[in-house]
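Participant: Just so it is clear: in the sequence shown, position 75 is 146 by the working numbering, and no numbers are missing.
Glycine included, every Cβ here is placed at the ideal spot set by N, Cα and C.
Below you will find the structure I want to go over with you.
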Amino acid sequence: MANMSYCRFTNTRSDMEDCLEALRDETPLSDFEVRAGKAMFKDILEVCQAYGIIDAFDGDEIDRLFDNLLEKEDEDE
Numbered sequence: 072m073a074n075m076s077y078c079r080f081t082n083t084r085s086d087m088e089d090c091l092e093a094l095r096d097e098t099p100l101s102d103f104e105v106r107a108g109k110a111m112f113k114d115i116l117e118v119c120q121a122y123g124i125i126d127a128f129d130g131d132e133i134d135r136l137f138d139n140l141l142e143k144e145d146e147d148e
């Protein structure tokens, strides 16, 4: 269910902290989570780039970051 407009950033901030902790801890992720993580981070960085917050980002580096977290059993499939 989508967040209500008055609390979307508040609720999402908590979820984002959980995602960042998983990255910091190098928590293994399923293929689905790897794909979702790549898309989410690229979307956020594209918005930052569009608003002039950052000049550029390395999409390949994002791919490598998430690919390195792919659960071992998912790699064999």
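(1) Does the distance from the CB of Gly108 to the CB of Phe137 come in under 8 angstroms?
(2) Along the alpha helix (DSSP H) that carries Ile124, what are the first and last residues, could you check?
(3) Note down, one range per segment and in chain order, each alpha helix (DSSP H) of at least 4 residues found wholly within the region 80-126.
(4) How many angstroms separate the CA atom of Lys143 from the CA atom of Leu100?
(5) DSSP three-state call for Leu140: helix, strand or coil?
(6) Report back the beta-carbon spacing between Asp102 and Leu141 to the nearest angstrom; my notes put them in contact at under 8 angstroms.
Facilitator: This is what the structure holds:
(1) The residue labelled residue 108 in the question sits at position 37 within the sequence shown. The residue labelled residue 137 in the question sits at position 66 within the sequence shown. Yes, Cβ-Cβ distance for Gly108 and Phe137 is below 8 angstroms.
(2) By one-based count along the sequence shown, residue 124 stands at place 53. Segment: none, Ile124 is in no alpha helix (DSSP H) and carries neither H nor E.
(3) 102-121
(4) By one-based count along the sequence shown, residue 143 stands at place 72. By one-based count along the sequence shown, residue 100 stands at place 29. Each residue's alpha carbon lies about 9 angstroms from the other.
(5) Here residue 140 refers to the residue found at position 69 when the sequence shown is read from its first residue. Three-state result, Leu140: coil.
(6) Position 31 of the sequence shown, counted from the start, is the residue given in the question as residue 102. Position 70 of the sequence shown, counted from the start, is the residue given in the question as residue 141. Yes, Asp102 and Leu141 are in contact; Cβ-Cβ is about 7 angstroms, under 8 angstroms.
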